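> Residue numbers (this note's numbering), protein chains in the order written: chain A, 173 to 377; chain B, 173 to 377.
Even glycine gets a Cβ: it sits at the ideal position worked out from N, Cα and C.
Remember, it's a predicted structure, so these values are computed and weren't measured experimentally.
Below is a structure I'd like to ask you about.
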């Protein structure tokens, strides 16, 4: 029930945007009554936020194993590569990219939805990654002065090329032929900068 | 005249999108006749493309000096830092960010405008940077196996953090307090990976 309601909400939001999404149409598409919707959700805003949150949770769940393996790594280079490949796969997906486009297109009209997405998705993912990198530093496997910046850098080294191309050319989103190369190139640069063999002065200003 | 027409076109495009932009309103806003517009531009598509092209050319002109200095660098670290600071300043601007948002929001309806922007702005800038990096490699100042990938990486190391934050939170675009730190952090990572002291195996897979 809850799942059908949130699926319908996400679909409507992607098609018609925030203002084009109505609880009436969510009710019709998910074949439940409006009363049922209001038993589960306080209003349209709650519906849209929960639908986006569910998408984020699904992506997090997909990536959880590679993330946990990285956090407890005994083979850092290999586990960074696996993480990078999984991360590019999780994020460069048509639905995630479509949500990004939709939120960005409505950022001036609905800034709170955009801020909520940013906090829950990219920002939270990077905070989690920063914690993970700190743990790897404590174990002597990495040498990083500012884990927050390093987490952002690693994230964007992995994602930026296909993400930016995909934002302007939707046809490229499902072309995964170079994703492993991007992931590997990101890991090469990241390890060159922050591998344990590096002097810490290199990453500190 | 031409300038007034293109200013009015850009303003309208940002406000109302591609389908909301009409030559009638461009004529009214720029106080010229429609005949005059059609003497300079073949149709609305031509107008919008030229208006975007003009914005790109202005950003390129702003960054030209730092770019030329980098290409002929005798003090690589310093010139990379100057380039990175200039690049973040040129791109993380309200008008450029607003154009990006507008194009992204209309990518499904007007894919050709989005592809044209991608080719003319980010893609072309990276090709130019890749050529520059190749020249620096030939002079023994950098050690890069794949200059196209390295140019993308350097570009996104510089821009990604403020750009992605700014796409979801417009209020942050004019907060430049951390831009120098992002630029420097990008250069540190880039030089660690591709500085001439590095073994080329590090950057080749």
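Quick one: which unbroken alpha helix (DSSP H) runs of 4-plus residues sit fully inside the segment 197 to 259 of chain B? Chain order, please.
Whole alpha helix (DSSP H) segments, 4+ residues: 206 to 212, 216 to 243.
> Counting only beta-carbon atoms, is residue 319 of chain A nearer than 9 angstroms to chain C?
The chain inventory of the structure shown lacks chain C, comprising the protein chains A and B.
> I need the straight-line Cα distance from residue 301 of chain A to residue 181 of chain A, nearest angstrom please.
Residue 301 of chain A and residue 181 of chain A: Cα-Cα distance of roughly 30 angstroms.
> Using a C-beta cutoff of 9 angstroms, does residue 268 of chain A count as contacting chain B?
Not closer than 9 angstroms to any Cβ of chain B, the Cβ of residue 268 of chain A fails to qualify, so no.
> Taking contact to mean 3 or more Cβ pairs, one atom from each stretch, closer than 8 angstroms, check whether the segment 330 to 347 of chain A and the segment 325 to 339 of chain B are in contact.
Enough Cβ pairs lie closer than 8 angstroms, so yes.
> What in chain A is Cβ-close to residue 275 of chain B, meaning under 9 angstroms?
In chain order: 339, 340.
> Can you name the residues that DSSP bridges to residue 314 of chain B?
Bridge partners of residue 314 of chain B: B/367.
> Leaving out the 5 sequence neighbours to the left and right, which residues in its chain are closer than 7 angstroms to residue 372 of chain B when beta-carbon positions are compared?
Because the pLDDT of residue 372 of chain B is 48, which lies under 50, any placement of that residue in the model is unreliable, and the number read from its coordinates should be weighed accordingly. 315, 317, listed in sequence order.
> In whole angstroms, give me the CA-to-CA distance for residue 273 of chain A and residue 277 of chain B.
C-alpha separation (whole angstroms): 6 angstroms.
> Beta-carbon of residue 185 of chain B versus every beta-carbon of chain A: anything under 9 angstroms?
Chain A, which has no Cβ nearer than 9 angstroms to the Cβ of residue 185 of chain B, makes this no.
> Would you say residue 333 of chain A reaches chain B, if we count a Cβ-Cβ gap shorter than 9 angstroms as a contact?
Answer yes: the Cβ-Cβ gap between residue 333 of chain A and chain B drops below 9 angstroms somewhere.
> Does at least one heavy atom of the ligand GTP sit under 8 angstroms from the Cβ of residue 338 of chain A?
Ligands displayed in this structure: none; no statement on the ligand GTP is therefore possible.
> Kindly indicate the opening and closing residues of the alpha helix (DSSP H) around residue 266 of chain A.
Here the alpha helix (DSSP H) through residue 266 of chain A covers 266 to 277.
> Just the C-alpha distance for residue 228 of chain A and residue 296 of chain B, rounded to the nearest angstrom, thanks.
Looking at the two C-alpha atoms, the distance is approximately 33 angstroms.
> Just how far apart, CA to CA, sit residue 221 of chain A and residue 279 of chain A?
For residue 221 of chain A and residue 279 of chain A, the distance between alpha carbons rounds to 14 angstroms.
> Between residue 209 of chain B and residue 177 of chain B, which are expected to be in contact by the criterion C-beta below 8 angstroms, what is the C-beta distance as a whole number of angstroms?
Contact holds; Cβ gap of about 6 angstroms.
> Which chain A residues are close to residue 287 of chain B, counting only those with a beta carbon under 8 angstroms from its beta carbon?
Neighbours of residue 287 of chain B on chain A, chain order: 340, 341.
> Let me know the secondary structure DSSP gives residue 350 of chain A once reduced to three states.
Here residue 350 of chain A sits in coil by DSSP.
> Which residues in chain A sit within 7 angstroms of residue 336 of chain B, going by Cβ to Cβ distance?
In chain order: 294.
> Residues of chain B with a CB under 9 angstroms from the CB of residue 329 of chain A: which are they?
Going along chain B in sequence order, the residues near residue 329 of chain A (Cβ under 9 angstroms) are 325, 328, 329, 332, 361.
> If you draw a straight line from the alpha carbon of residue 263 of chain B to that of residue 213 of chain A, how long is it in whole angstroms?
Cα to Cα, the separation comes out at about 40 angstroms.
> Is it buried or exposed, residue 207 of chain B, if we count other Cβ atoms within 10 angstroms and call 16 or more buried?
Under this definition residue 207 of chain B is an exposed residue.
> In the DSSP assignment, find the alpha helix (DSSP H) that holds residue 187 of chain A and state where it starts and stops.
Element bounds for residue 187 of chain A: 174 to 188.
> List the whole-angstrom C-beta distance separating residue 286 of chain A from residue 275 of chain A, where the pair is believed to meet the contact cut-off of C-beta under 8 angstroms.
Indeed, because the Cβ distance is near 5 angstroms, the residues count as touching under 8 angstroms.
> At the level of alpha carbons, what is the spacing between residue 358 of chain B and residue 174 of chain A?
Approximately 44 angstroms, taken between the alpha carbons.
> Going by Cα to Cα distance, which pick from B/249, B/234, B/328, B/351 is closest to residue 367 of chain B?
That would be B/249, whose Cα lies nearest to the Cα of residue 367 of chain B.
> Could you work out which residue in A/189, A/184, A/253, A/244 is closest to residue 361 of chain A when comparing CA atoms only?
It is A/253.
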